[in-house]
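Numbering follows our numbering, in which position 25 of the sequence shown is assigned residue number 25; successive positions increment by one, without gaps.
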Amino acid sequence: MLQRLKLRKHVDLVALTPKAALSLHLKPKDCLVDSATEILSKYWNEGGLFLIVGAIGAATRLVAPLVKSKDSDPAVVVIDARARNVVPILGGHKAGAVDFALALAEDLGSNPVITGNSENQEDLALDSFGDAWGWKRTGDTSIWKTLMIHKANGGALKVEQSSGSKLWINSKAASNSLAFKNHTNSCLSKTLIIGSRSENDCCWHPPTLWVGIGCERNTEKSLLERSLAEAFSQAGLAQESIAGLASIDLKSDEPALLWIAKREGWPIRFFNADLLAQVSIPSPSENVKNAVGTPSVAEAAALLAAGKGAVLRYKKHIYHSKSNEKGAVTISIAEGKVPFSPQRGELHLVGSGPGDPSYLTHDARFALARSAVWIGYGRYLDLLEPLRRSDQVRIDGHLTQEKNRCNHALDLATQGIRVALISSGDSGIYGMAGLALELCLERPQDERPKLNIHPGISAIQIAAAYIGAPLMNDFCTISLSDHLTPWVTIKERLRGALIGDFVIAIYNPKSKDRDWQLQSVIELIREFRPVTTPVVFARQLGRLEQKISLFSLQNFPVKSVDMLTVILIGNSQSVVKDGWLVNPRGYLKS
1 MLQRLKLRKH VDLVALTPKA ALSLHLKPKD CLVDSATEIL SKYWNEGGLF LIVGAIGAAT
61 RLVAPLVKSK DSDPAVVVID ARARNVVPIL GGHKAGAVDF ALALAEDLGS NPVITGNSEN
121 QEDLALDSFG DAWGWKRTGD TSIWKTLMIH KANGGALKVE QSSGSKLWIN SKAASNSLAF
181 KNHTNSCLSK TLIIGSRSEN DCCWHPPTLW VGIGCERNTE KSLLERSLAE AFSQAGLAQE
241 SIAGLASIDL KSDEPALLWI AKREGWPIRF FNADLLAQVS IPSPSENVKN AVGTPSVAEA
301 AALLAAGKGA VLRYKKHIYH SKSNEKGAVT ISIAEGKVPF SPQRGELHLV GSGPGDPSYL
361 THDARFALAR SAVWIGYGRY LDLLEPLRRS DQVRIDGHLT QEKNRCNHAL DLATQGIRVA
421 LISSGDSGIY GMAGLALELC LERPQDERPK LNIHPGISAI QIAAAYIGAP LMNDFCTISL
481 SDHLTPWVTI KERLRGALIG DFVIAIYNPK SKDRDWQLQS VIELIREFRP VTTPVVFARQ
541 LGRLEQKISL FSLQNFPVKS VDMLTVILIG NSQSVVKDGW LVNPRGYLKS
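Structure representation (structure tokens):
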């Protein structure tokens with residue numbers, strides 16, 4: 001299990017007690033061996049997450065002396081040695097222990113033991129839900145605690161949102177949380193703020209602010225750091241809403257600028273003087289124009305980086321050095337209409353299998369559990385609906401609008417949101433993986449969210465398993481859809497497969513607009529194979545209406561075929577016996 005946790009990147013470091021290390025025949029590489037107390041003490045203040053394999057009682061006694069506050073404590077999750085149960089015991093919301101436990105349980109096939117009020121009442125975990133949307137949280141722990149208790153008691157909640165995606169409101173959990181449950185106290189509402197303003201309240205901050213920076217050469221790091229803090233304080237804005245930095249390309253090697261961008265994980269955009277000079281700004285400077293060729297660096301760069309429709313939230317201000325400091329800094333802040341944080345965003349391309357959730361892989365379940373938004377064709381989402389949590393949002397798409405779905409998913413993930421784009425079967429086999437990856441690679445490298453492809457069970461595998469073992473030797477798959485591939489090319493590929501004596505799986509065999517192709521294909525196959533060749537008819541695989549039948553080329557029911565059908569055509573080696581279809585691998589001859 002330890003190897004699996006490391007392989008699946010659930011943990012960065014495996015640590016064992018000396019006794020546990022001696023009991024293992026194969027110890028994970030780069031494994032730390034020390035007492036549990038020493039290991040926890042050494043890494044506790046670094047934050048992050050601890051996954052403890054063992055008893056909850058023992059884990060509780062180990063971490064108890066280290067616990068300080070909700071603001072600083074790491075997430076602690078306990079799992080038993082057989083991975084039957086996954087239990088978050090510390091840092092459930094703020095540190096992300098509950099979200100991690102839910103996703104890990106799906107990946108391991110374990111039972112998540114979640115005892116929190118929000119999860120069990122299907123309310124929104126107001127103090128943690130923004131993480132999956134790419135937002136950052138501010139507000140004193142005591143204020144958040146008061147808000148959570150208020151909601152648990154059925155109090156009214158007022159939401160003030162000025163930026164960021166509002167899709168979260170469409171979740172069932174959000175509806176539950178925004179509903180008045182205790183009408184006697186409905187006038188005593190609490191407020192949740194979502195926006196870029198710095199408030200002494202419970203706040204989530206979407207990444208919408210771009211900081212334009214101009215500075216003298218070799219400006220001190222401390223001056224730049226102090227200038228940023230002062231600028232945001234004066235503007236009444238939250239640094240947690242910073243999407244990135246921007247400046248003139250002459251500063252692309254400025255040490256302090258590159259240092260703070262790297263430390264904070266902020267992207268940084270550089271623009272040439274000609275582009276900056278075209279931006280209408282409130283505070284042009286002839287001195288700046290004479291020096292670098294544009295009347296504005298900070299304001300123009302901030303507005304350019306923030307994109308179309310951006311608003312200047314803080315006009316340029318110059319910050320001078322203090323004693324023992326060198327340089328000067330000019331700062332301006334603009335707000336974009338759309339959040340930007342691809343480094344936080346995730347796009348999961350999920351193969352959902354043929355239909356029934358029992359065919360869904362643990363890897364796919366992990367991706368679904370991790371995502372705040374599910375996007376897919378409505379029929380496929382319907383099949384997965386029993387797995388969707390109340391805090392997750394569903395966006396239905398339509399057939400033939402694949403490019404729109406992919407771009408929508410990419411756009412959301414670029415905002416910092418964790419998104420699942422769902423295909424039936426395997427997303428890499430006639431699914432969305434190829435298109436999504438192509439569109440992602442068309443974007444600048446620093447604007448691409450993290451992309452993961454999660455394989456699924458394809459219809460051909462289900463059909464083969466139910467009818468026998470027809471794929472034991474070489475086979476191929478051919479789609480008859482000429483929407484993207486010319487019919488001439490499809491016929492040539494089919495002819496090549498017939499010449500090579502491949503077992504052939506046919507996808508997308510027939511639609512309302514393509515009712516003639518399949519008969520043409522059957523006739524072509526008859527030119528190469530006898531009419532006794534076995535043909536499998538498989539429709540609605542993995543669903544209640546599933547039907548799998550065995551025919552031959554002579555009596556195959558072409559008129560019963562539709563887009564929900566997959567066809568398997570045997571070759572010269574195929575054998576039918578007692579209702580089973582098998583292509584011998586050759587072991588009995590060896």
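C-beta: ideal position from N, C-alpha, C; glycine also.
(message) According to DSSP, is Gly139 part of a helix, a strand, or is it coil?
(response) coil
(message) Could you give the first and the last residue of the continuous alpha helix (DSSP H) run that contains Phe232?
(response) Lys221 to Ala235
(message) Helix, strand or coil, according to DSSP, for Tyr466 in the structure here?
(response) helix
(request) Determine the burial state of Pro267: buried for a count of at least 16 other Cβ atoms within 10 Å of its Cβ, exposed for fewer. (result) buried
(message) Given this structure, state the Cα-to-Cα distance separating Tyr314 from Leu237, to the nearest angstrom.
(response) 9 angstroms
(request) Kindly identify the DSSP beta-bridge partner or partners of Ile478. (result) Ile506
(message) Output needed for Ala105: all residues of its chain with C-beta closer than 7 angstroms, excluding positions within five of it in sequence on either side, in chain order.
(response) Val86, Asn111 and Pro112
(request) Using a threshold of 8 angstroms, state whether the C-beta atoms of Ala634 and Ala302 are closer than that. (result) Outside the displayed span of the chain (1 to 590) sits residue 634, for which this structure offers no information.
(message) Can you give me the C-alpha to C-alpha distance between Trp204 and Ser560, rounded to a whole angstrom?
(response) 54 angstroms
(message) According to DSSP, is Asp363 part of a helix, a strand, or is it coil?
(response) helix
(request) Sort out for me which residues DSSP pairs Asp513 with in a bridge. (result) Bridge partners of Asp513: none, in fact.
(request) Can you grab the Cα-Cα spacing for the pair Ala538 / Gly431, in whole Å? (result) 19 angstroms
(request) Could you tell me whether the segment 354 to 367 touches the segment 72 to 86, using the rule of 3 or more Cβ pairs below 8 angstroms? (result) no
(message) Please report the straight-line C-alpha distance between Leu349 and Thr489, rounded to a whole angstrom.
(response) 28 angstroms
(request) Look at the alpha carbon of Asp562 and the alpha carbon of Phe502, and state the distance between them as a whole number of angstroms. (result) 23 angstroms
(request) Take the Cβ of Leu74 as the centre, count every other Cβ of all protein chains shown within 10 Å, and call the residue buried at 16 or more, exposed below. (result) Correcting the residue type first, residue 74 is Pro in the shown sequence and not Leu. Per the 10 Å Cβ criterion, buried.
(message) When you compare the CB positions of Val393 and Leu167, do they come within less than 8 angstroms of one another, or not?
(response) yes
(message) Quick check on Glu385: buried or exposed, where buried means 16 or more other Cβ atoms within 10 Å of its Cβ?
(response) exposed
(request) Measure the alpha-carbon distance for His454 versus Phe556 and round it to whole angstroms. (result) 35 angstroms
(message) Tell me the rounded alpha-carbon separation between Thr17 and Lys145.
(response) 36 angstroms
(request) Please determine, among His320, Pro444 and Leu209, the residue with the shortest C-alpha to C-alpha distance to Gly336. (result) Leu209
(request) Taking Leu487 as part of the beta strand (DSSP E), name the residues at either end of that continuous run. (result) A small fix is needed here, since residue 487 is Trp in this sequence, not Leu. Per DSSP, Trp487 belongs to no beta strand (DSSP E); it is in the alpha helix (DSSP H), Trp487 to Ile499.
(request) Mind checking which residues open and close the beta strand (DSSP E) that includes Gln161? (result) Leu157 to Gln161
(message) Taking the beta carbon of Pro530 as the centre, do at least 16 other beta carbons fall within 10 Å, making it buried, or is it exposed?
(response) exposed
(message) Need the endpoints of the alpha helix (DSSP H) that Phe528 sits in, please.
(response) From DSSP, Phe528 is part of no alpha helix (DSSP H); its letter is neither H nor E.
(message) What does the Cβ neighbour count give for Thr115, buried or exposed, with the cut at 16 atoms within 10 Å?
(response) exposed
(request) Answer yes or no: do Asn272 and Asp249 have a C-beta to C-beta separation smaller than 8 angstroms? (result) yes
(message) Given this structure, state the Cα-to-Cα distance separating Glu122 from His25, to the nearest angstrom.
(response) 44 angstroms
(request) From the DSSP output, in three-state form, read off Gly378 for me. (result) helix
(request) Using alpha carbons as the reference points, say which of Glu220, His10, Ala413 and Pro284 lies closest to Glu325. (result) Glu220
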